[in-house]
Structure formats: C-alpha cells, structure tokens
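2 protein chains.
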Amino acid sequence: MALQSPIPVRDVSFRTLRQSCSNCSLRELCLPVGLDQDELKQLDAIISQGRPIKRGEALYRAGEPFRSLFAVRLGFFKASVISEDGREQVTGFHMTGELMGMDAISSDHHTCDAIALEDSEVCELPFTDIETLARDVPALQHHLYKVMSREIVRDHGVMLLLGNMKAEERLAAFLLNLSQRFAIRGYSAMSFHLRMTREEIGSYLGLKLETVSRTLSKFQDQGYIKVQNRLIELVDVDSLKRLLNSCQG
Amino acid sequence: MALQSPIPVRDVSFRTLRQSCSNCSLRELCLPVGLDQDELKQLDAIISQGRPIKRGEALYRAGEPFRSLFAVRLGFFKASVISEDGREQVTGFHMTGELMGMDAISSDHHTCDAIALEDSEVCELPFTDIETLARDVPALQHHLYKVMSREIVRDHGVMLLLGNMKAEERLAAFLLNLSQRFAIRGYSAMSFHLRMTREEIGSYLGLKLETVSRTLSKFQDQGYIKVQNRLIELVDVDSLKRLLNSCQG
DNA sequence: CAGTGAAGTTGATCTACATCAAGTCGGCGC
DNA sequence: GCGCCGACTTGATGTAGATCAACTTCACTG
Chain A
393 MALQSPIPVR DVSFRTLRQS CSNCSLRELC LPVGLDQDEL KQLDAIISQG
443 RPIKRGEALY RAGEPFRSLF AVRLGFFKAS VISEDGREQV TGFHMTGELM
493 GMDAISSDHH TCDAIALEDS EVCELPFTDI ETLARDVPAL QHHLYKVMSR
543 EIVRDHGVML LLGNMKAEER LAAFLLNLSQ RFAIRGYSAM SFHLRMTREE
593 IGSYLGLKLE TVSRTLSKFQ DQGYIKVQNR LIELVDVDSL KRLLNSCQG
Chain B
393 MALQSPIPVR DVSFRTLRQS CSNCSLRELC LPVGLDQDEL KQLDAIISQG
443 RPIKRGEALY RAGEPFRSLF AVRLGFFKAS VISEDGREQV TGFHMTGELM
493 GMDAISSDHH TCDAIALEDS EVCELPFTDI ETLARDVPAL QHHLYKVMSR
543 EIVRDHGVML LLGNMKAEER LAAFLLNLSQ RFAIRGYSAM SFHLRMTREE
593 IGSYLGLKLE TVSRTLSKFQ DQGYIKVQNR LIELVDVDSL KRLLNSCQG
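Sequence lines, in order, name chains A and B. Quick note: the first sequence, position 38, residue 430 per my numbering, numbers continuous. Quick note: the second sequence, position 214, residue 606 per my numbering, numbers continuous.
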C-alpha cells in the first residue's frame, strides 16, 4: 500500500475539535471518542482544563521532566529539536485536536521544544493518571496506542519527503497537508493563514528559507496558488497534487 | 537538551537480547523486563516462539492486515515504504531485540514492508492479546508506551539527519549508530558486517548509492575506516565523531 | 505616523550531490 | 573452473538548491 499523502493527515484524536467549535463545557474537552458517560467523567477528573499559552511561549522544552501529554485545544504549535550548534529541525506542526509530548515517554524527559506560534490553549493530560485509567478503560488504552502509532506513520511520511522529494514536491505536499487539516477542522481548505515563518517551513521540509520563498513565488507565477505574505490561497489544487503524483504517489 | 546522537541508540527492548546469547528456553524470549514470574508465564502463553524468516523474505508487507508486533530474535531487517512510482524509502534497520510493526496499530494495516536482510527469526506478539494482558500488568503497558515513544524519538533523529546534515555527517552518524548497536549486543563495535546494500544505506540516509560508495572510500582514504566490501572496520572513531560534533552535536 | 527590526523577496554565484557512464569485483550456478 | 549477474567503484559532467547579498515589505513602538 502506497502512502496516499507524504504527510499523512492526522486524525483529530480528541474531542477538542468538536468542542472548540461550540460552547460546551470545558469538561468535555480533550477526551477520546468512544467512551461512555461514566468513563468520560473519570477522564474529566484527570484532565486539567484549558491552559493558555501565549504566542512565542514554550509549552515545554527539551530536557524538562515529562509529566503530561498535551492536547491542543486551540491554536498552533511547532515542535522542534535544536542541535548543539544551534540549528533547528522542526519535527512537526500541531493544531487543534492534536496530541503533543509522546516523544517524552521513552526517557521521562521531553526531547523537543513545543512553541506556540499563535495564542493557544492546551489541555494537560497527566500521563500516569491517564495510564492508570487506561487499564480500566480499554478504549482509552487502545486510543493511546493508536495515536502514538499515527505519529510514527506521520514521521515515516516526513522521512519519505526528506529523503526522496525535491523542493517543489515538498512544498506542494506541505500545502496540501495543511489544507486538508484545516478542512477537517471546518476551516477553508482553499485559503488559510500560515502561522509559521518561511524559515520554520524550510526547517520542517529540509530547505532553506530562500528556497521556500522562491518556490512559493514560482507556484504563484504558475497560477497554482496566490501568496500574500502568510495568506495562502490554493488556486489549482489538481496541479499541486499532480506535482506529487508524478514523483511519489 | 541536544540529541547525543542523531540516530539515538534504541534500547534493547525485550529479553530477546540476553537470550540470543545463551541457550535458555525459547519461552524466555521476547519478553519485556521487569515482570515477575507469574506475569512472565502469562506472556509466554501469548507469544509464538521463534518463527524463521529467510534472507530476502518479507515478514510483512504494507497493506497487509495488522495482527501482531514482531520482536527480532535473531537477524537483521529493513523496514521501508515504497512510493507508487517504485522508489523506496528505508525507514529503519532492525536488529536483535528490536520491535517492529508499531506503525500498523493506527490503521490496523501495516504501512511498510519488513524484509529480512539475513536469515532471521522473530517472535510474534499478537497485539490484542498483548493489549489485554497489559491491562493487568502495568509494567508491560508502560513498556509498550515507552517502546513506541522511543521509535518516535528515533524518527525525529532521522528527520534531523535528513533535514540538516550533509553526506559525510550522515554516513558517520550511520556507522557510529550501527557500531553502538552491535556493541550493546556483545558484538564488536570496531568491526562489523553491513547487512544491507549501498543502495539501501542511501535510501535510509537520503543519498544515492554512488554517494554512499564515494563517501565510504573517502573515509577510508582519510584513515577513518577500512572498507572491504560489506566489512567495515572503524579505525578512527574520534574523527568520525568529530565530523558529527562540528555540525550537529 | 515616523522609525526600527524582523520577515520576506529576488538576483548572482557557488557547490554538494545527482546523474550518466564505464568499468571492476565477487559470489553462484553449471 | 568459467561465465554471468548483481553489487560496487570511480570518473566526468550536470543541476537543484545553498549561499551571499541587496533590497522591500510589514508589524510594532514610541
């Protein structure tokens, strides 16, 4: 089975999503689907409600002791590892409904920085509590394995992108991936605001910021997209998809 | 905290390792550490004993339904995704004591091929059984989360390698990583046999086979290593490490 | 609303690696 | 032992993207 998309769309894992569009109680946030009322209540008791993180602030940093997973309730984050000589590798961008911090379980310490790229809000999920509850709630246990597995699959997609694709393909994959993820969340798939700099895009895609800029301009010249600073409008999605199919299916 | 190594050494997750060096009962293989006698017995009941996979054979292929995780009891595997146009991205090499197939949990289907690069033997861990047992055995549950987390951290390391490092650094990282993993398993850290082709190395590292070959030759010319076909001898480990430190810590 | 600094664009040049090509080497079957 | 095929090496050349540099635009601050 070939990957449908080089950066697989991550399912919205937690109920955060639905809630962020309504006015329901905070209690119902950050909970996995498929639990009954009683189980939800138990989970509610564990999860800390919406903690705000200002734009530019770190939710956590590499090296800090691991205590909790975090579900993005609202906003936008980047996760990145910094090498000793100061170069940054962005390992992912995380939006509403996505879970962060799973890399920290292995060593009980965070291995990357999580930085808010806009004013955001997260639910904190203390891991030992979640783990304990998961023993009594198989659906929760399985959900956690699935979410972690999905992260692994996503990372393999990025490895494919970094190892095999060229600049145009990477950018096309990136834009299409963002588009899908916004669409799932009820935002426009055709027009969206980039929360990150060209440099951060470049870091994620293994390109320099100039190349990102040039390639975006090229896409615009070819009529594939319209770029206005960080506002992106997808004009010809099919052509973008064709860019991918040609080389990478 | 900076990554110590761009490709973090994966802890040997299961007791496979210890056993593969002794003649103890197969029953003791493939089990996580930290369980008491009774728990071990339960696990033994679940795990299928050493299944042989011949060199070149697939343990599983992308698209196949997911039933079990596999622990390498003996041998050497590559895991790779194949894009529609036939290009291969090797996502990892797996040796004795390592767990494979975690990417399949998310979709109930395998997302990559696992091919034996030498005659090998695996333990099969039926996932639903493992999951059920994990509810009663917290240490097992936690161990699974940790192993999956470690895979995520490892993938981030590869992303850093693919996104930031140049050919020499990638190869140095690769050789040092292999060296460490062999050493942990009681084999020589200074001299080992590559199980994979230049092309497979290249696929993993995002390089063409010619570049892999050239770079190995260059390392040999510089007295860092000796290359004899697939036999590698590390002559000057410090220089290899220095190659990494300079650019990537 | 003028001034400042960060973010982004665009051009010219350079280079690491890919590509193309022509070998050699090594293991295996006959 | 001979011939064959896949793996590997090495050289010549091409090119995508990095690098260096100058400039523009934008957002924020006083």
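Even for Gly, the Cβ is constructed at its ideal location relative to N, Cα and C.
Residue contact check for glutamate 513(A) against chain B: no CB pair falls below 8 Å. Taken residue by residue, none of the stretch 624–636 of chain B has a beta-carbon sitting less than 8 Å from a beta-carbon on chain A. If you look at glycine 442(B), you'll find it in the beta strand (DSSP E) that goes 440–445.
By the beta-carbon neighbour count (other beta carbons within 10 angstroms, threshold 16), aspartate 428(A) is exposed. Between the alpha carbons of glutamate 625(B) and lysine 633(B) lies a distance of about 15 Å. Beta bridge pairing from DSSP links serine 571(B) with no other residue. At a beta-carbon threshold of 8 Å, the residues of chain B lying near isoleucine 497(A) are Tyr537, Lys538, Met540 and Ser541, ordered along the chain.
Scanning its chain for C-beta atoms nearer than 7 Å, with the 5 sequence neighbours on each side dropped, one finds around aspartate 628(B) the residues Gly615 and Tyr616, in chain order. Chain-order list of chain A residues neighbouring methionine 494(B): Ser541 and Ile544, by C-beta distance under 7 Å. As a beta-bridge residue in DSSP terms, proline 457(B) pairs with His501(B).
For arginine 447(B) and isoleucine 445(A), the gap between their C-alpha atoms comes out near 52 Å. By the neighbour-count criterion, in which a residue is buried when 16 or more other Cβ atoms sit within 10 angstroms of its Cβ, lysine 558(A) is exposed.
At a cut-off of 8 Å between C-beta atoms, glutamine 429(A) does not count as an interface residue with respect to chain B. Put simply, of Glu516(B), Thr483(B), Ala564(B) and Ile474(B) the residue whose alpha carbon is nearest the alpha carbon of leucine 451(B) is Glu516(B). Taking the Cα of threonine 524(A) as reference, the smallest distance to any Cα among Ser440(B), Phe462(B), Thr607(B) and His534(B) is reached at His534(B).
The beta carbon of alanine 471(B) sits closer than 6 Å to those of Thr483, Gly484, Cys504 and Ala506, all from its chain and outside the five residues before and after it, given in chain order. Here the C-alpha atom of glutamate 431(A) lies approximately 10 Å from the C-alpha atom of alanine 531(A). Under the three-state reduction of DSSP, lysine 633(A) is assigned to helix. Boundaries of the beta strand (DSSP E) harbouring methionine 487(B): 480–487, taken from the DSSP string. Ranking Thr607(B), Thr589(B) and Leu599(B) by CA distance to the CA of leucine 509(B) puts Thr589(B) first. Residues of chain A with a Cβ closer than 7 Å to the Cβ of histidine 534(B) are, in chain order, Glu523. When DSSP reads this structure, glutamate 513(B) sits in a beta bridge with Pro444(B) and Leu466(B). In the three-state reduction of the DSSP assignment, serine 475(B) falls in the coil class.
With distances taken between CA atoms, phenylalanine 611(B) lies nearest to Leu563(B) out of Leu563(B), Ala575(B), Arg622(B) and Phe584(B). With fewer than 16 neighbouring CB atoms inside 10 Å of its own CB, glycine 478(B) falls in the exposed class. Shown here for serine 499(B): same chain residues with a beta carbon closer than 8 Å to its own, the five before and five after excluded, namely Phe458 in chain order. In the DSSP annotation of this structure, the continuous segment of the alpha helix (DSSP H) that includes lysine 538(A) starts and ends at 530–556. Per the DSSP secondary-structure output, tyrosine 452(B) pairs in a beta bridge with Ala506(B). The bridge partners DSSP lists for isoleucine 617(A) are Leu626(A).
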